[in-house]
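Residue numbers (our numbering): -2 to 145.
Here you go:
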């Protein structure tokens, strides 16, 4: 079988190349805010629905939902900004703590016992930590830079 010889200036390696970024930085920033607000609203609705247990919607229930949405979105943006700047162990630990606390609060709104809420949130946090640590350990070097 005959193969064409490489031309001068032609790339001869098969290294992975990064796909081109078609969106501007402004679009990426808008998407980050939209994601945080959207996730916050879903979380707030979920917390309010768990709290009322199928009963009527009240003013306090709405306040709980919007307050939960605001706090969740703010913490999500904070963890997202901070986690990418730290080493992989702390990166996984930040997301595990965030997800464990978020789940624990939702679970506590179902009138479950405090120890059961704490135990369930610790189990969720441990599972998230194990999953994310494995992912970051296999996709980043020790300094936190992505392996290409």
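C-beta atoms are modelled at their ideal positions from N, C-alpha and C, and glycine is treated no differently.
Please read these numbers as outputs of a predicted model, since none were measured by experiment.
Pick from the options that is closest to residue i, judged by C-alpha positions
i: residue 45; options: 89, 77 and 64; result: 64
i: residue 72; options: 59, 55, 43 and 98; result: 98
Collapsed DSSP secondary structure at residue i in the structure displayed
i: residue 143; result: strand
i: residue 135; result: helix
i: residue 123; result: helix
i: residue 89; result: helix
i: residue 107; result: coil
i: residue 81; result: coil
Short CB-CB distance (under 7 Å) between residue i and chain C
i: residue 105; result: Here chain C cannot be found, since the structure has a single protein chain.
Residue i versus residue j - alpha carbon distance
i: residue 86; j: residue 102; result: 24 Å
i: residue 119; j: residue 100; result: 9 Å
i: residue 62; j: residue 70; result: 12 Å
i: residue 75; j: residue 136; result: 23 Å
i: residue 68; j: residue 128; result: 25 Å
i: residue 57; j: residue 47; result: 13 Å
i: residue 83; j: residue 124; result: 20 Å
i: residue 51; j: residue 36; result: 22 Å
i: residue 138; j: residue 107; result: 41 Å
i: residue 41; j: residue 104; result: 13 Å
i: residue 95; j: residue 143; result: 23 Å
Cβ distance (whole Å) where residue i is taken to contact residue j below 8 Å
i: residue 93; j: residue 122; result: 4 Å
i: residue 133; j: residue 78; result: Contact doesn't hold; Cβ gap of about 17 Å is too wide.
i: residue 91; j: residue 66; result: The pair is not a contact, with the Cβ atoms about 21 Å apart (cut-off 8 Å).
* To do: Mind listing, in chain order, the continuous alpha helix (DSSP H) runs of no fewer than 4 residues lying wholly within the region 4 to 75?
  => 22 to 49
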